[in-house]
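J.: Protein chains in written order, with my numbering: chain Z, 1 to 599; chain Y, 1001 to 1599. Here a beta-carbon is modelled for each residue, glycine too, at the ideal position from N, C-alpha and C.
Put into structure tokens, the structure is as follows:
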């Protein structure tokens, strides 16, 4: 069995053929780039990930971090891996060239990071958190903070975290209790406990920079009174050298089902009254700053889920082509040779399904990354504003849909491998365990569903929905020109209409009965997500159809596979959206009315 | 958080109120029994399981069996657990009273075994395999074999296995290569390799009795040439004492994602030409005998999946009632107290869904167990034949539906617990890992789907389907008398009609194009399974409605919960069957036509 961890051909297809990232080289910021430099970045990512990340994917799971001298010790390969990532420039993939960065578009940066997530999601976490942490400080920190923190972060000397959750405040940030008290010199004393902090302690970097949500004494209650602080594990002297410990104690390590190579920590800040932090931006605006990082992280979660599912799919395909078992149904002669299991229709059903889920999810995630570029580098204020509106709407879907359906791809891969898939001798069970986290962290999928239906779909008087609807209608119209896509285009428009009708009903009920209106937010996200993914499939299929006439060799199969997976999604998956959306449209009260004592 | 592992109230409801097992006391075999003796058996099972099985559920996962002197060493609690099970009489739960058994109906025996599976599925496996092994020998072994093997098995001196799978013959038993050669004295020399043999080696019993599928020299090829042999790990002397080792070598232990307390082994029989076996029954009839055990084991798999899912549900309910987090959507005051998460509609959605899946699955599995009693102790030859026909039809559904949907309940429980659910500090992640095996072993769910659509639904000219349809129609008619069930009854009949239409289409295509006809066997099983489970929900709801008027205290909530979960299943789940069945009815060719090179 081969051990492919990423489908590079599909990444190239999505980037160059569906999203046309090459067009971005016309924008001033990316003028120095070309298709070749984009390709080179991707090639480097695959090479480094293969050599330095994929190599310890299993080992980092088996040898979970253990405390040594009060500090978690990771497998040594992880240190080599992150060093190689830094060395290859991926911490600064999207940073300015003059700051030593690659100045790549977000779409490319995300695609490169995704390659590392496919190879070893636990090792990648330390790095993507660090990048997100640095970008938040670039956006909201003072020039002095940028000098002191951003440069060490982006050069890999320091690593970053986001410290939001507290034991009594998981999904409810209004209940954050960590406090910050002015010391009189512009710095703050921070005190409180944070939990489930990923990468909260480790031995991979000189220092760890925690971005901590806390309340300043006398702050308004709730989310309007939360401020953001930089709290390093070790203090940093004026000259940038490491100083005294900063009274940040590791209170415990969680032992997880998967994703074991990334430490998940409980941290105690200021137990001895000596934890010093710096305020980021203005007081009480911490949550708004943090959402910058969280929205970016949510796209990262969707992409990680996608890549774990996509890798599962690759393993399943390779296994199914090699494993002989059984015969055609009509074969009567038990002495005839066995056939590879991929020849059985039900195995192909599993593989088409996991292909449709994971490549559809990849299309969705990279579409969102493409909107990040449009938001920042769009040619007009209108196009930038449109990108922001679309991103706002799509972010909860990008986070939640892959973390539900790409996990299913990991489960399907176990099923294809059968008994072997259930053993730790094969990689798919780890992918399944690792992937299960994605529906939980960075806001559970239930929270995403409420965000989508209660906020994003309703925002700007439904303007974001209308903008997305226009794009979908435009692509559907283009697709209708092809006989083979006519039915798909009609189904897509019909399902989109249904989603709009459901959102309207919810919008009408929201002012008077928000509990009832939003009770079925999850089926809305599932149905809406299916419609959006169907749209990305139609776009992929159209790109495949364009490319087919001049395709040769394995590319013909590649494009035919796209057309087949698109057919599968439209025939087998999209119809499910109607049932989900009908529950929303009728404001079905079944769950709302169930009493806790009945459960 | 409490640590309930089984919902005893629900077992009692299903047994006494839905299935009326008390009526079985009118049958001659169960004349000595009463509601009280049935209840006592259940109470004992819960007490023993709580004390001796639940206590090491986590430990048996963490301390996976390791080889010590060539033999797997299990945690010591497991030996105490199986001893307590034997001591309490559960190996002989359905055996004749004159042989020291409890002479319980199968429905009760299965319910008691299910209690142990809920507490510790890995420990239970050793025992349920032993019972199934002994019952096969009771049915097909010679009187001498019964004396030599059955008594030691049912007294817990020896434990049993079923040894079918070989490395090159997983789902394809036609390819079994293990051979058996006559020794001239009525015994046989057995030689070959078996893999994925659960409980294939351990230190829990004096001896292990393998039931091995092998080919006698010159046997016809394929499944028609497979015979069944008793192959003990250690030879047994005439007086029943343990003799020499029997050349059965442990070639390897598999390391699994879950279910770790049960050894999964590769066994080498006769590497030194000294592995002696006894033929069971007649030559070449081995597979037919083994199906006796496998059908029984398949009901066991469905029940195990159900109990793991049901336990997950209990943990999630208890956690959701205790964990404060967030506020009602309309609450504006962040200083108001947080509410338990069960107050959020989306959490109730997850709990209703897991309740609907697991209690629906329990209804299905116990319905099948009840048919086992009818098959053996039915009052007329007609009722016994009808039970056989229905059991044949339902067995693949009983195996596959819970092992798909009750696993989903384990996943939902992780989601309800959030970050905690993903840690090994809470039990739900283990339940999720353990439960994932059930879709694989005892015939993958894909195999079950082919069995259901290609064989069982078509058998006897569709007679089994007609018999089931009559029962469903009868219950739907009864339900229609109640205003609140009228819509459910109509939906059930409509969905049943759809399933029948799909089966007809397949039946018509089967002779000419079996590959196409059966390509969508899995959506058929999913859709058909949903219809059958909807039926068991309607039966549960009717029993609840009968009981409500005289119910007091917590029973009122219990019955209202049944009505709510039934509503949920009919509104949220049953409609999904139409889409699945429409793919079958149209003989959708999407998967069949996908080429392996496209995947």
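When the Cα atoms are used, what is the spatial distance from residue 96/Z to residue 137/Z?
T.: 15 Å
J.: Based on the DSSP secondary-structure assignment, which residues constitute the bridge partners of residue 1166/Y?
T.: 1169/Y
J.: Are residue 63/Z and residue 75/Z close, meaning C-beta to C-beta below 7 Å?
T.: yes
J.: What does a CB cutoff of less than 7 Å around residue 1/Z pick up in its chain, not counting 5 residues either side in sequence?
T.: For residue 1/Z, the predicted model reports a pLDDT of 42, less than 50, meaning its position is unreliable and no value from the coordinates is stated.
J.: Output the distance between the C-alpha atoms of residue 428/Z and residue 1544/Y, rounded to the nearest integer angstrom.
T.: If you take the alpha carbons of residue 428/Z and residue 1544/Y, they lie about 43 Å apart.
J.: What does the alpha-carbon distance come out to for the pair residue 592/Z and residue 1490/Y?
T.: 24 Å
J.: Given 8 Å as the limit, is there contact between the stretch 1288-1300 of chain Y and the stretch 568-578 of chain Z, that is, 3 or more CB pairs closer than that?
T.: No: fewer than three Cβ pairs fall under 8 Å.
J.: For residue 1342/Y, which residues in the same chain have their Cβ closer than 8 Å to its Cβ, ignoring the five residues on either side in sequence?
T.: 1317, 1320, 1321, 1348 and 1351
J.: Can a CB atom of chain Z be found closer than 7 Å to the CB of residue 1557/Y?
T.: Output row for residue 1557/Y: interface = yes.
J.: For residue 1175/Y, go through chain Z and note every residue whose CB falls closer than 7 Å to its CB, in chain order.
T.: 338
J.: Residues of chain Z with a CB under 7 Å from the CB of residue 1529/Y: which are they?
T.: Chain Z residues near residue 1529/Y: none, gap ~15 Å exceeds 7 Å.
J.: Using a Cβ-Cβ distance under 7 Å, would residue 286/Z count as near chain Y?
T.: no
J.: Identify, in the order they occur along the chain, each residue of the same chain with its Cβ nearer than 6 Å to the Cβ of residue 1053/Y, setting aside the five sequence neighbours on each side.
T.: 1081, 1116, 1119, 1120 and 1123
J.: Whole angstroms are fine: how far does the CA of residue 13/Z sit from the CA of residue 1443/Y?
T.: 38 Å
J.: Just checking, does the stretch 98-106 of chain Z make contact with the stretch 223-243 of chain Z on the three C-beta pairs under 8 Å criterion?
T.: no
J.: Please state whether DSSP places residue 1189/Y in a helix, a strand or coil.
T.: strand
J.: Under a CB-based cut-off of 7 Å, is residue 601/Z close to chain Y?
T.: Nothing about residue 601/Z can be read from this structure; chain Z reaches only from 1 to 599.
J.: Quick one: which unbroken alpha helix (DSSP H) runs of 4-plus residues sit fully inside the stretch 533-579 of chain Z? Chain order, please.
T.: 554-568
J.: Taking all protein chains shown into account, decide if residue 109/Z is buried (16 or more other Cβ within 10 angstroms of its Cβ) or exposed.
T.: Counting every other CB atom within 10 Å of its CB across the protein chains shown gives residue 109/Z a total of 16 or more, marking it as buried.
J.: In this structure, does DSSP put residue 1255/Y in helix, strand or coil?
T.: The answer is coil: DSSP assigns residue 1255/Y none of H, G, I, E or B.
J.: Assuming the contact rule is C-beta atoms closer than 8 Å, residue 525/Z and residue 452/Z should be a hit. Round their C-beta distance to whole Å, please.
T.: 5 Å
J.: Within 7 Å of any Cβ in chain Z, is that where the Cβ of residue 1256/Y sits?
T.: yes
J.: Quick check: residue 1509/Y and residue 1587/Y, are their CB atoms within less than 7 Å of each other?
T.: A contact, by the Cβ cut-off of 7 Å.
J.: Just verifying my parser: in three-state terms, what is the DSSP assignment at residue 278/Z?
T.: DSSP places residue 278/Z within a strand segment (E or B) once states are collapsed to three.
J.: Are the C-beta of residue 1422/Y and some C-beta of chain Z separated by less than 7 Å?
T.: yes
J.: Below 8 Å, can you find three or more Cβ-Cβ pairs linking the stretch 547-560 of chain Z to the stretch 1009-1029 of chain Y?
T.: no
J.: At 7 Å on the CB atoms, spell out the chain Y contacts of residue 145/Z, in chain order.
T.: Annotation: residue 145/Z has no Cβ neighbours in chain Y at a cutoff of 7 Å; minimum Cβ distance is about 29 Å.
J.: Go through the stretch 96-132 of chain Z residue by residue and report every complete run of the alpha helix (DSSP H) that reaches 4 residues or more, in order.
T.: 106-119
J.: Going by DSSP, what residue range makes up the alpha helix (DSSP H) through residue 1074/Y?
T.: Neither: residue 1074/Y is in no alpha helix (DSSP H) and is coded neither H nor E.
J.: Can you tell me the Cα-Cα spacing of residue 178/Z and residue 450/Z, whole angstroms?
T.: 26 Å
J.: So, under 8 Å CB-CB, residue 1492/Y and residue 1476/Y are touching, yes? Tell me the CB distance rounded to an integer number of Å.
T.: 5 Å
J.: Whole-angstrom Cβ separation of residue 1025/Y and residue 1031/Y, contact assumed at under 8 Å?
T.: 7 Å between Cβ atoms; contact.
J.: What are the boundary residues of the beta strand (DSSP E) that includes residue 1229/Y?
T.: 1227-1232
J.: Going by DSSP, what residue range makes up the alpha helix (DSSP H) through residue 38/Z?
T.: That run of the alpha helix (DSSP H) goes 35-52.
J.: Checking contacts by CB at 7 Å: is residue 553/Z closer than that to chain Y?
T.: no
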